[in-house]
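The structure under discussion appears below in the form of structure tokens.
Protein chains: 6
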Amino acid sequence: MNKGIANYNVGELFDYFMLVRAANKGIASNGKPFLTLLLKDVSGEIEAKLWEATSEDEELFVPEQLVKVTGEVNQFRGRSQLKIHSIRPAQSTDGVHPNDFIEKAPVEKDELMARITEIIFEMKNPNLQRIVRYFIKKYQEALLTYPAAVKNHHEYVSGLAYHIVSMLNLAKELKVLYPDINKDLLYAGVILHDLGKTKELSGVTAPSYTLEGKLIGHIPIMVEEIGQAARELQIETEEVTILQHMVLSHHGKAEWGSPTPPLVREAELLHLIDLIDAKMNMLNRSLEKVKPGEFTDRLFAMDNRAFYRPLFDE
Amino acid sequence: MNKGIANYNVGELFDYFMLVRAANKGIASNGKPFLTLLLKDVSGEIEAKLWEATSEDEELFVPEQLVKVTGEVNQFRGRSQLKIHSIRPAQSTDGVHPNDFIEKAPVEKDELMARITEIIFEMKNPNLQRIVRYFIKKYQEALLTYPAAVKNHHEYVSGLAYHIVSMLNLAKELKVLYPDINKDLLYAGVILHDLGKTKELSGVTAPSYTLEGKLIGHIPIMVEEIGQAARELQIETEEVTILQHMVLSHHGKAEWGSPTPPLVREAELLHLIDLIDAKMNMLNRSLEKVKPGEFTDRLFAMDNRAFYRPLFDE
Amino acid sequence: MNKGIANYNVGELFDYFMLVRAANKGIASNGKPFLTLLLKDVSGEIEAKLWEATSEDEELFVPEQLVKVTGEVNQFRGRSQLKIHSIRPAQSTDGVHPNDFIEKAPVEKDELMARITEIIFEMKNPNLQRIVRYFIKKYQEALLTYPAAVKNHHEYVSGLAYHIVSMLNLAKELKVLYPDINKDLLYAGVILHDLGKTKELSGVTAPSYTLEGKLIGHIPIMVEEIGQAARELQIETEEVTILQHMVLSHHGKAEWGSPTPPLVREAELLHLIDLIDAKMNMLNRSLEKVKPGEFTDRLFAMDNRAFYRPLFDE
Amino acid sequence: MNKGIANYNVGELFDYFMLVRAANKGIASNGKPFLTLLLKDVSGEIEAKLWEATSEDEELFVPEQLVKVTGEVNQFRGRSQLKIHSIRPAQSTDGVHPNDFIEKAPVEKDELMARITEIIFEMKNPNLQRIVRYFIKKYQEALLTYPAAVKNHHEYVSGLAYHIVSMLNLAKELKVLYPDINKDLLYAGVILHDLGKTKELSGVTAPSYTLEGKLIGHIPIMVEEIGQAARELQIETEEVTILQHMVLSHHGKAEWGSPTPPLVREAELLHLIDLIDAKMNMLNRSLEKVKPGEFTDRLFAMDNRAFYRPLFDE
Amino acid sequence: MNKGIANYNVGELFDYFMLVRAANKGIASNGKPFLTLLLKDVSGEIEAKLWEATSEDEELFVPEQLVKVTGEVNQFRGRSQLKIHSIRPAQSTDGVHPNDFIEKAPVEKDELMARITEIIFEMKNPNLQRIVRYFIKKYQEALLTYPAAVKNHHEYVSGLAYHIVSMLNLAKELKVLYPDINKDLLYAGVILHDLGKTKELSGVTAPSYTLEGKLIGHIPIMVEEIGQAARELQIETEEVTILQHMVLSHHGKAEWGSPTPPLVREAELLHLIDLIDAKMNMLNRSLEKVKPGEFTDRLFAMDNRAFYRPLFDE
Amino acid sequence: MNKGIANYNVGELFDYFMLVRAANKGIASNGKPFLTLLLKDVSGEIEAKLWEATSEDEELFVPEQLVKVTGEVNQFRGRSQLKIHSIRPAQSTDGVHPNDFIEKAPVEKDELMARITEIIFEMKNPNLQRIVRYFIKKYQEALLTYPAAVKNHHEYVSGLAYHIVSMLNLAKELKVLYPDINKDLLYAGVILHDLGKTKELSGVTAPSYTLEGKLIGHIPIMVEEIGQAARELQIETEEVTILQHMVLSHHGKAEWGSPTPPLVREAELLHLIDLIDAKMNMLNRSLEKVKPGEFTDRLFAMDNRAFYRPLFDE
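Protein chains in written order, with the UniProt record's numbering: chain W, 1 to 314; chain C, 1 to 314; chain L, 1 to 314; chain X, 1 to 314; chain Z, 1 to 314; chain H, 1 to 314.
Here it is as structure tokens:
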């Protein structure tokens with residue numbers, strides 16, 4: 001395995017595979033077209049210019065395409081840039097896979113699936129359990145591979161499932177501390193709350209927003225899906241409405257995308273658990289990158305705050 | 001027909017039918033139960049006390065029940081109150097109907113239906129037309145009788161259909177002034193935008209919010225319904241998503257209940273047309289009640305403003 | 001023990017002890033002074049009128065005074081009112097204590113203290129541990145008896161300690177789920193965050209805001225206290241500043257009383273844990289009072305929402 | 001006529017007239033002054049550098065000056081730039097006029113004037129009619145040539161009159177749908193509402209804000225003008241105050257520049273009509289530039305939304 | 001002179017003159033009309049009921065009317081109320097004047113006028129001085145008698161002039177501390193800033209908002225007046241625009257009624273001086289009413305804060 | 001003395017001392033490290049590049065270091081840049097001092113100290129006077145040299161003391177105009193309100209925020225300091241709490257950093273005086289830089305407004 005593009009110094013020669021994250025066409029001063037490619041591997045991203053690009057190039061080098069590229073790492077206005085010497089699409093015989101070039105959750109898919117299955121097994125309310133099983137079956141592949149977002153938190157392969165499992169663990173502990181909680185309702189809410197992202201986002205490798213994602217959004221998408229599932233499963237009891245409400249209200253406020261705020265205890269908790277897990281994911285990853293005594297960069301999704309890592313330990 | 005409860009003076013004897021709008025049980029100082037009834041006819045409402053109420057009374061005098069009542073109009077703390085002499089439920093032989101005791105739109109149901117049908121007939125896009133027809137068929141009775149809201153604007157029988165027809169007329173004129181508009185999309189949006197109210201509200205006669213109305217709300221309800229209709233009609237083209245977006249965004253902003261703001265021209269127009277018709281309905285009805293040179297009461301749904309009726313004419 | 005004022009019906013005779021919660025003087029239409037007393041026991045509160053009150057009465061019947069009262073439960077404008085037949089201050093020979101007339105945490109003081117001690121014992125950072133021990137020693141009595149607030153949540157005897165212990169339990173579980181957390185810092189923050197309330201509030205029995213509470217508030221009070229403690233303990237390391245920051249930022253935002261928002265991971269968590277425990281306390285107590293299928297009253301401290309209690313179980 | 005600067009490719013030679021939109025002096029690395037000119041024709045704008053500019057150049061090449069320029073279209077940091085070979089002011093013998101180099105409303109001045117006259121003729125209230133006629137006479141030239149704004153909507157020659165005529169058409173239709181409207185008041189409000197822009201902006205060709213525009217603004221300017229007109233016409237009836245109120249309140253809210261919100265029905269409508277016409281103008285022009293299935297750029301004056309153009313037709 | 005209605009006890013007989021502040025007609029339970037009068041003198045206000053009022057009574061007892069009244073001070077629902085025995089309009093022979101029944105500024109009109117004149121004399125800029133003199137002449141009587149507001153601050157006879165003089169004194173000191181200030185501009189702004197109140201309010205004795213006050217407001221009214229004055233005085237220099245800007249911007253922000261915020265140094269200062277003098281007026285009058293160690297009532301115009309009066313002195 | 005870096009033209013040779021304001025390391029395209037230095041003297045700042053910087057250079061050229069530098073003033077992308085020919089740290093024999101390279105208050109330290117002393121001498125309340133004296137003694141050096149802020153207003157040597165003295169002068173005049181003011185309390189508040197800045201900021205020469213400054217802030221820091229001082233001086237009266245409240249509330253609102261708003265008259269005044277002096281400082285310095293008839297740059301701390309300097313004089 002290659003050492004990763006982020007670890008190359010200016011002047012070094014790169015000669016390995018990367019994934020095309022984005023590709024934009026431009027016209028150079030000499031009137032000839034060129035491509036600005038954004039290439040990535042698990043370590044990071046680099047911009048690359050392919051001068052005098054042919055129309056064939058334009059068709060070959062598109063997002064999600066894996067490429068073999070050689071070139072020199074330069075610096076242009078303070079940022080690294082790859083000066084491409086040669087580039088070609090990766091072939092099946094190259095033995096590389098796009099998934100090896102994007103970040104992954106720290107836990108394997110199978111393990112995440114096992115944990116979710118275990119929790120579903122603990123549920124006693126048959127209606128909630130059947131609805132959850134319906135979705136696990138219908139979206140299993142996507143559920144286990146999609147990121148939880150395109151940026152900010154859990155923005156990597158299996159990020160969605162990893163986020164769900166962390167929240168389930170938290171939900172389970174809260175049930176111990178506050179026994180009045182209806183754990184089945186909370187578990188079902190946790191598992192389904194962001195599943196609409198599998199329709200909101202275009203895919204795993206280079207996710208962008210779909211038209212449905214932009215115009216409807218994952219929350220109303222999922223509310224509709226639950227309604228449809230209930231009709232198929234012929235469940236007409238209150239569990240359906242309450243579960244739709246859990247999903248609908250999980251952003252907490254109208255300004256944050258929930259037209260109805262949480263009006264059921266477990267819905268309020270779902271919102272809070274989601275907040276904690278997303279924030280811990282952002283904070284831990286940012287704090288890892290700095291040394292004790294330093295501040296992180298400003299975190300946009302944390303109200304633009306920079307966080308301090310204290311000098312002392314437990 | 002009776003002259004209407006609002007036109008009785010203090011001291012007069014009332015002896016006719018009214019509709020129970022609300023009923024609440026209380027305990028008097030002597031320890032005996034009593035009922036506070038809110039009775040109404042088309043002219044207005046009056047509070048009435050039924051002292052020493054039996055448990056049979058409690059069961060008889062419930063919301064939506066039509067009653068025959070005699071009593072004297074008194075005044076208590078500046079407000080009229082009916083002192084009940086006798087009261088009994090109306091019977092089929094009385095020849096009265098609840099609908100005669102609640103306010104109605106100024107246009108008849110048949111005429112409203114005819115106008116909607118006419119507009120649907122003008123639509124050329126087959127997918128939009130089929131979806132609209134599906135809903136007209138499915139909800140015809142409710143569409144033609146429900147109010148558009150429980151208060152503020154069009155809060156009377158057939159208010160929803162009347163609101164739709166006014167908006168359709170406005171939409172038709174806008175198409176003339178701005179020919180780029182996709183009129184089929186706008187018509188479809190106008191007809192369907194508030195149809196979820198037929199599930200959000202409990203009924204026509206004494207409407208209150210249903211559980212689904214409180215926890216989900218008419219907007220997500222209708223987004224789901226359109227999805228379901230499309231599946232039944234096997235329509236899978238972009239019209240479905242755009243129509244769902246029209247309904248989803250018609251309140252204009254997240255703070256006002258639309259998690260996605262309008263991102264399609266016709267969706268923006270739908271929001272504006274809805275605004276104009278609702279405001280004109282509120283303003284006209286309030287201004288009718290005051291004389292030239294006076295201000296109306298403060299209108300809660302118009303940012304609590306009191307409006308002035310000028311002295312001069314055209 | 002008496003059955004509690006909340007369980008008396010209109011017309012019943014009350015003859016037992018209650019605590020004076022508030023006392024206000026008025027002048028009756030006949031020009032004679034009277035006292036409006038708010039009397040309470042653990043079950044609830046009732047208003048009582050003492051007509052033709054003497055100046056001696058005014059001095060006797062003041063907040064926090066325990067009284068023996070006989071009278072009849074009446075109803076006035078829909079609310080219960082006690083018509084006093086006779087009233088006198090309780091005496092030491094009566095064998096009653098004010099604490100028996102106010103609500104208490106569901107866990108005993110000793111047990112709460114034991115749990116806090118246990119947690120402190122787990123702390124490894126000596127500076128944090130010493131500061132926490134300093135405060136436990138200095139404020140032990142108040143810490144174990146004060147409410148956590150005058151209303152909304154944990155507004156009863158030992159409410160503060162009960163709130164701390166719940167939060168410590170939650171903190172301990174979070175450490176398991178997110179091992180990067182500095183648990184010592186989080187524990188210290190939890191134990192100290194609201195301790196300034198013992199200066200902000202006037203006492204346990206009938207708490208009101210002190211002048212210092214109104215003009216400074218429990219957050220700056222506690223920041224100062226930590227600084228003073230550190231000087232006495234001669235601790236000059238970063239732990240002091242970070243701990244002051246934890247307390248200062250625990251309301252999360254400037255608008256909510258924290259001039260600096262959380263800028264340390266454990267400070268962010270402290271804010272979130274505080275939110276969860278306060279909200280669960282409010283929700284559980286409100287939901288207990290309603291039946292499945294009903295909504296609670298609107299909860300002011302939960303953005304005025306009314307919460308629904310579903311019909312179904314786990 | 002030239003094909004328009006926006007249609008030149010990199011490398012092409014430009015040799016025609018353009019209008020100076022802005023001119024800024026700079027000092028090059030060699031210490032010599034140069035001019036950065038922004039040149040425009042109806043098709044668009046281009047930046048041009050005039051190196052080693054003399055002080056005479058500085059005086060010649062100023063905003064609103066028409067120039068004859070030859071040069072090569074280059075590209076600099078991704079944007080087109082004109083490398084000037086020669087430049088001179090246009091002369092009367094060149095037969096070109098600044099108005100030919102700026103965008104115009106799609107309807108001719110005479111036609112716009114005719115439509116406004118027609119509407120005024122329909123007015124019956126003599127006071128409103130006289131005031132409107134006073135202003136048409138006083139500001140006819142400016143009214144028919146000014147843009148309605150410097151950017152966002154109707155920002156072209158005759159934009160103001162075009163905006164007024166569109167709004168008048170809309171007002172006329174609304175009168176049919178809602179006959180209670182005082183059409184004379186609404187027409188007068190529409191015609192006068194933005195007339196203060198003729199003092200707020202510096203002119204037609206290259207409009208910027210005047211000092212009066214910056215410190216007072218078109219709304220208070222016009223309120224004063226109406227007061228002055230009424231004194232000259234010796235009209236002292238309520239129409240004057242109401243018309244001033246129409247202008248004052250037409251931005252709808254204090255935050256948007258109306259210290260008093262609309263408190264008269266026709267003032268509320270004026271605000272809504274203004275909103276619709278401005279939004280339709282922005283939306284139509286942005287949507288024309290994109291293909292079906294694409295999103296427009298983000299529109300600043302539409303809350304920074306990007307709008308989608310659907311694939312399907314009516 | 002009478003001791004003042006606020007100093008009467010329940011049961012006492014009142015027999016003197018008072019001013020009618022407001023009068024509302026009602027219908028009693030017996031179907032007969034009655035008048036609810038709000039009567040006042042300098043000490044305070046009291047509600048009075050005139051039962052079985054004739055239509056002559058309705059015409060006689062209107063706002064601003066001085067009346068001779070005898071009656072008994074009662075108490076009704078905790079508030080004082082005057083039970084009228086007899087009432088008649090005051091007559092010229094009674095030797096009483098409405099002004100004696102309303103609060104006045106602590107400084108006499110003549111003295112206020114002298115101070116304003118003195119300041120105008122110090123002005124050197126002839127244009128500003130002429131405009132100010134124009135207004136002093138035009139509105140002298142109103143300027144010296146009007147209140148500065150209907151409630152909150154300087155809400156008494158000559159309140160406007162008193163407010164102006166306090167602000168002029170403050171402006172003069174600021175000129176000493178910050179010599180860059182253009183004192184003439186600041187003085188002119190101070191004198192004219194609230195003069196529009198003489199058109200916004202209905203009068204001195206029982207001020208309410210005029211139609212012009214409600215629909216236009218004192219700020220745009222005064223901007224127009226300055227424009228008109230300048231035309232009459234044939235002043236066309238920048239002073240006019242800047243002075244209009246001073247008045248227009250003196251509320252500081254759009255949300256507070258200034259569509260343009262201060263963009264000139266002296267305009268910013270005018271806003272701040274206005275704030276200080278209004279706040280000091282409110283604070284001093286509220287703090288006078290409480291004893292050291294107490295809080296005032298909540299002051300609505302001070303963000304609903306209650307202020308503390310400390311125990312210690314200088 | 002040198003003419004100041006801001007007065008050099010492009011192409012001129014600079015050969016004198018400057019102060020390093022900031023230093024950042026970069027890597028050039030050739031892979032070699034370079035330093036970007038921000039150099040300053042009293043006239044302004046300039047960016048300078050030190051190519052092929054050694055690790056010794058990195059250690060030598062750090063913030064607050066005085067350097068002797070020769071180089072040519074160039075222009076790069078429209079901004080001046082110094083091309084360094086030679087650079088070395090200043091030595092004690094050079095006879096230059098960092099303080100000569102940073103801006104200073106227009107009044108000398110001694111004079112500022114004398115004025116503060118004079119005011120303290122006027123105070124009569126012994127507790128307030130003792131607390132103020134305690135701080136003057138403890139922080140005299142810092143108080144007289146620190147800036148009042150790192151940017152926006154009084155951001156120069158002795159800025160804090162200069163700000164205090166201006167505010168004291170203003171406070172003294174206000175006491176004359178509003179004699180109810182407790183001048184001792186106001187003086188004490190003025191002197192202490194920003195003293196926490198001496199801990200919030202790192203120093204005088206090149207101030208940045210300390211960790212304590214970022215995590216606690218100057219307001220809570222100073223509240224704690226006053227508490228500590230009172231304990232040392234054994235003052236336990238209300239003056240301590242009120243003085244802490246003055247400091248705590250002087251930003252006026254929670255959103256602006258004061259968790260408690262002013263609840264004492266003198267606290268409200270302190271806030272207003274602080275506002276006036278800060279704003280006058282910003283406005284005067286910005287307006288000095290422009291000519292009559294021009295606007296200043298947008299001032300960030302004045303809500304991003306650009307201010308106009310009128311053409312006319314007093």
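Idealized CB from N, CA, C, for every residue including glycine.
{"Check": "Quick one: which chain W residues come within Cβ less than 8 Å of ILE216 (chain C)?", "Outcome": "VAL223, THR241, GLN244, HIS245, LEU248, THR260"}
{"Check": "Can you have a look at residue 315 (chain X) and say buried or exposed, based on whether 16 or more other CB atoms are within 10 angstroms of its CB?", "Outcome": "Outside the shown range of chain X (1 to 314) lies residue 315 (chain X), about which nothing can therefore be said."}
{"Check": "Provide the residue span of the beta strand (DSSP E) that contains PHE135 (chain L), from first to last.", "Outcome": "No beta strand (DSSP E) contains PHE135 (chain L), which is instead part of the alpha helix (DSSP H) from 126 to 145."}
{"Check": "How should THR117 (chain Z) be labelled, buried or exposed, when 16 other C-beta atoms within 10 angstroms of its C-beta is the threshold for buried?", "Outcome": "exposed"}
{"Check": "Terminal residues of the continuous beta strand (DSSP E) containing HIS85 (chain L)?", "Outcome": "79 to 89"}
{"Check": "According to DSSP, is LYS291 (chain L) helix, strand or coil?", "Outcome": "coil"}
{"Check": "Assuming LEU192 (chain H) and LEU243 (chain H) form a contact by the criterion Cβ under 8 Å, report the distance between their Cβ atoms to the nearest whole angstrom.", "Outcome": "7 Å"}
{"Check": "Give the single residue among H:GLY217, H:LYS138, H:ASN281, H:VAL67 whose Cα lies nearest to the Cα of LEU50 (chain H).", "Outcome": "H:VAL67"}
{"Check": "Under DSSP, the alpha helix (DSSP H) around PHE121 (chain Z) begins and ends at which residues?", "Outcome": "109 to 122"}
{"Check": "Is there contact between the region 220 to 231 of chain H and the region 213 to 231 of chain L, where contact requires at least three CB pairs shorter than 8 Å?", "Outcome": "yes"}
{"Check": "Going along chain C in order, which residues have a C-beta closer than 7 Å to the C-beta of ALA254 (chain W)?", "Outcome": "ALA254, GLU255, GLY257"}
{"Check": "What residues in the region 116 to 134 of chain L have a beta carbon less than 9 Å from any beta carbon of chain W?", "Outcome": "MET123, LYS124, ASN125, ASN127, LEU128"}
{"Check": "Between the region 192 to 212 of chain C and the region 134 to 151 of chain C, can you find at least three pairs of beta-carbon atoms closer than 8 Å?", "Outcome": "yes"}
{"Check": "For the region 299 to 312 of chain C against the region 229 to 249 of chain X, are there 3 or more C-beta pairs whose distance is under 8 Å?", "Outcome": "yes"}
{"Check": "Does any residue of chain X bring its CB to less than 8 Å from the CB of THR237 (chain C)?", "Outcome": "yes"}
{"Check": "Taking a contact to mean a Cβ-Cβ separation below 8 Å, would you say TYR178 (chain W) touches ASN284 (chain L) in this structure?", "Outcome": "yes"}
{"Check": "So with CB distances below 8 Å, who are the chain C contacts of LEU186 (chain W)?", "Outcome": "Under the 8 Å cutoff, chain C gives no residues; its nearest Cβ is about 16 Å from LEU186 (chain W)."}
{"Check": "For THR198 (chain W), name the three-state secondary structure that DSSP assigns.", "Outcome": "helix"}
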